[in-house]
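J.: Residues 1149 to 1253 (the working numbering) are what the sequence shown spells out, left to right. Handing you a structure now.
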Amino acid sequence: MEIKKYGIDVDKLNTKLQDVPNLSPNHELNPPSKNFGSMLKEAVDEVNTHQKVTEQVMADMATGQLKDLHQAAIAIGKAENSMKLMLEVRNKAISAYKELIRTQM
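Shown next as structure tokens:
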């Protein structure tokens, strides 16, 4: 065989490939119960959680109860970045929707 000619052992390669997880859409790593809508809802809930934590941190800073300003800065940064990401996803979804509307059938 030509494969053996180049020093590749097919049996050894097949045993190594069995260890690689299957990432196909219908595989158990991606359960079918996770659809786009539920993933989007989870992401929005996570952004909301970050915003609530930031509100609490800001209130604690205003009352002087917060001693560690680094943790406050980290919480505020997380909330800001998650909000920016959510807005970008929203903008992309809106532009995709507009593109679909312009498509003629």
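Here a beta-carbon is modelled for each residue, glycine too, at the ideal position from N, C-alpha and C. Here the structure is a predicted model, which means the values were calculated and not measured.
Per DSSP, what kind of secondary structure is G1212 in: helix, strand or coil?
T.: On the sequence shown, residue 1212 is found 64 positions in, with the first residue counted as 1. The answer is coil: DSSP assigns G1212 none of H, G, I, E or B.
J.: How many angstroms separate the CA atom of A1244 from the CA atom of L1235?
T.: One-based indexing of the sequence shown puts residue 1244 at position 96. One-based indexing of the sequence shown puts residue 1235 at position 87. Roughly 14 angstroms between the two C-alpha positions.
J.: Taking the alpha carbon of L1188 as the reference point, which residue from Q1252, V1237, R1250 has its own alpha carbon closest?
T.: For the purposes of this step, residue 1188 is identified with residue 40 of the sequence shown, where counting begins at 1. The option with the nearest alpha carbon to L1188 is V1237.
J.: Quick one: using the 10 Å Cβ neighbour count with 16 as the cut-off for buried, is T1251 buried or exposed?
T.: If you number the sequence shown from 1, residue 1251 lands on position 103. The residue in question, T1251, is exposed, as its Cβ has fewer than 16 Cβ neighbours within 10 Å.
J.: Between M1209 and S1230, what straight-line distance do the alpha-carbon atoms span, to the nearest angstrom?
T.: Within the sequence shown, residue 1209 is the residue found at index 61, counting from 1. Within the sequence shown, residue 1230 is the residue found at index 82, counting from 1. It is roughly 21 angstroms from the alpha-carbon of M1209 to the alpha-carbon of S1230.
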